[in-house]
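Its first residue numbered 306, the sequence shown is counted upward by one per residue in our numbering.
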Amino acid sequence: MQNYADVLKDFAERHAIGLTVAAVAGIGILGLRRWMAGGVCRSKARLDGKTVLITGANTGIGKETAMDMAQRGARVIMACRDIPKAYSAADEIRQKTGNNNILVKKLDLASLKSVRDLTKYVQENEKRLDILINNAGIMMCPKWVTEDGFEMQFGVNHLGHFLLTNSLLDMLKRSAPSRVVVVASVAHVTGRIHFDDINLDKNYDNLVSYRQSKLANILFARELATRLQGTGVTVYSLHPGFIRTELVRHLFPHWAWWKRMIASVLMMIVKSPWEGAQTSIYCAVEESLTNETGLYYSDCARKKPAAEALDDAAAKKLWDLSTSMVGLA
Ligand SMILES: NC(=O)c1ccc[n+]([C@@H]2O[C@H](COP(=O)([O-])OP(=O)(O)OC[C@H]3O[C@@H](n4cnc5c(N)ncnc54)[C@H](OP(=O)(O)O)[C@@H]3O)[C@@H](O)[C@H]2O)c1
Ligand SMILES: *[C@@H]1O[C@H](CO)[C@@H](O)[C@H](O)[C@H]1NC(C)=O
């Protein structure tokens, strides 16, 4: 026993510097991990008798958000593209929450027809809509186009949700007080709406396109809030944080092995999907936000977005452009 302690003491003395560095690094990583985790939604609000529709709820933060809404007693409509994946997510949600009021519906945001089919179904079969969460998103894919010929990231992240939201506004108004939650991103910083080349045909860059689509999300939320003043429908946009999800699926496969290795290590530090869902949940249920609208949040707190996202003229122009692109005019 004495011997063992001596060996340990000897080891510690010889490797004092190395051990100190390891300890500091360990504490640093734990601290960084805590800091990355961000805020948690503390609201205990119940949603019994209320209906929540969430897009892209089959995986990632959308699934965690749906789980939370179900836990609060809501009827949850999971609007998803991948139906088998959505069914298994719905089963998991029913099992974990004991809430059987979970519905899976087909929605491909890269098709205006699919958006119209879903909204028609909802209008004809649902009694109310209290919370709409525009969560689905695609990031940094190659230059793809939607069924209607729009550049994919702008088409899915913004235009599909633009039509979806506008088509469900009457139901949201009838169910007021109700909320629209728009999952945007800090990627909107340095973003720009390319009004002269909205589909980026001249010079496609997958990051420029993602930034444009996420800036569009915030400008949309802002203009929508203005248009909904006095209706009892409030609007929130947010950055969920950096989260370990499938969002990088179009990115990773093209990277060199060493880049993927660094990224895999970073993935261990970033938020879990549950942590990533907290700000969406906060915007959907937090009681103290009842009278706030058109603002931007992150880590369960109000944040100031970049100047580009506060440009009301751009927001109006984007609204008009989107209206004509989806054929709402
Ligand atoms: N992860 C992050 O670090 C991060 C950071 C900032 C912002 N965000 C935002 O958070 C949101 C959720 O992303 P996530 O991280 O949870 O990523 P994810 O795991 O890839 O989930 C994205 C969801 O969107 C769906 N989706 C994609 N294209 C669609 C389409 N055409 N029609 C219908 N649904 C479609 C996906 O469905 P399929 O399974 O069928 O593909 C999936 O359910 C996105 O809006 C993203 O921009 C994420
Ligand atoms: C919201 O505004 C209404 C009417 O002005 C007020 O009665 C209510 O207390 C406010 N709620 C919150 C959470 O600030």
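Note that the Cβ used here is the ideal one computed from N, Cα and C, for glycine as well. None of the values given here were measured: they were computed from a predicted structure.
Could you name the residues of the same chain whose beta carbon sits closer than 6 Å to that of residue i, not counting the 5 residues immediately before and after it, in chain order?
i, result
"M572", "R549"
"L408", "I382"
"S472", "T424"
"L556", "M445"
"I436", "V357, R484, A589"
"K263", "No statement about residue 263 is possible, as the shown extent of the chain runs from 306 to 634 and does not include it."
"R433", "T356, S480"
"G361", "G367, N440, A441"
"N430", "none"
"M580", "As written in the sequence, residue 580 is Glu, which differs from the Met given in the question. A342."
Given residue i, which residues of its chain have a CB within under 7 Å of its CB, disregarding the five upstream and five downstream residues?
i, result
"H499", "L505, Q517"
"G551", "Strictly speaking, residue 551 in this sequence is Glu, with Gly absent from that position. So the list reads T364, G365, once near-sequence residues are dropped."
"E591", "C346, S348"
"V450", "E456, M457"
"A611", "H493, V494"
"L512", "M445"
"I443", "M457, Q458, V461, N462"
"S514", "E456, Q458, F459, L505"
"R386", "L412, D413"
"V312", "none"
"A395", "M383, I407, V409"
"G496", "R516, Q517, K519, L520, E613"
When the Cα of residue i is compared with those of the options, which residue comes out closest?
i, options, result
"T628", "F525, Y602, N308, T539", "F525"
"L412", "T595, R399, E580, L469", "L469"
"C446", "E597, E592, R554, A620", "R554"
"L414", "A328, V427, A384", "A384"
"L633", "F547, P610, L417, E429", "L417"
"R532", "A620, S480, R433", "A620"
"D373", "D617, P578, G599", "P578"
"A614", "K564, W562, D625, R527", "R527"
"V452", "D387, A618, V420", "In the sequence on display, residue 452 carries Glu and not Val. Comparing Cα-Cα distances from E452 to each of D387, A618, V420, the minimum goes to V420."
"R339", "V631, L594, I574, M630", "I574"
"K390", "A375, G496, G367", "G367"
"D617", "L529, W563, I503", "L529"
"T595", "T536, P558, A395", "T536"
"K519", "A375, M630, L623, A321", "L623"
"G599", "S393, Q534, W560, E580", "Q534"
"I398", "T370, I388, D625", "T370"
"I503", "L626, E580, A317, P482", "L626"
"I359", "W563, V427, P558, H559", "V427"
Within the same chain, show all residues whose beta-carbon is closer than 8 Å to that of residue i, passing over the 5 residues directly before and after it, in chain order.
i, result
"N522", "N439, N462, H463, H466, V487, V488, A489, S490, H493, S542"
"T325", "none"
"A350", "R377, V590, E591, E592"
"I332", "none"
"E597", "T539, Y541, R607"
"K576", "M341, A342, G343, P545, G546, F547, I548, R549"
"A568", "V553, F557, W560"
With DSSP as the reference, please indicate the residues paired to residue i in a beta bridge.
i, result
"E456", "V450"
"K411", "C385"
"L543", "V488, Y602"
"I398", "According to DSSP, I398 bridges with nothing at all."
"L437", "L358, V485"
"R380", "T356"
"K608", "Y601"
"I548", "K576"
Is residue i near ligand 3 - that is, is its Cβ less than 6 Å away from at least one heavy atom of it?
i, result
"E580", "In the structure on display, ligand 3 does not appear, and the ligands it does have are ligand 1 and ligand 2."
On the three-pair Cβ rule with 8 Å, is the region 488-499 touching the region 533-545?
yes
What runs of the alpha helix (DSSP H), each 4 residues or longer, lie entirely inside the region 458-540?
466-479, 511-532
Taking contact to mean at least 3 C-beta pairs separated by less than 8 Å, is the region 346-360 in contact with the region 377-385?
yes
Count Cβ pairs between the region 446-460 and the region 470-486 that sit closer than 8 Å; are there 3 or more?
no
Decide yes or no for the touch test of the region 580-590 against the region 398-413: beta carbon pairs closer than 8 Å, at least 3 of them.
no
Should the region 338-349 be called in touch with the region 589-609, which here means at least 3 C-beta pairs below 8 Å?
yes
What runs of the alpha helix (DSSP H), each 4 residues or longer, lie entirely inside the region 552-586?
562-574
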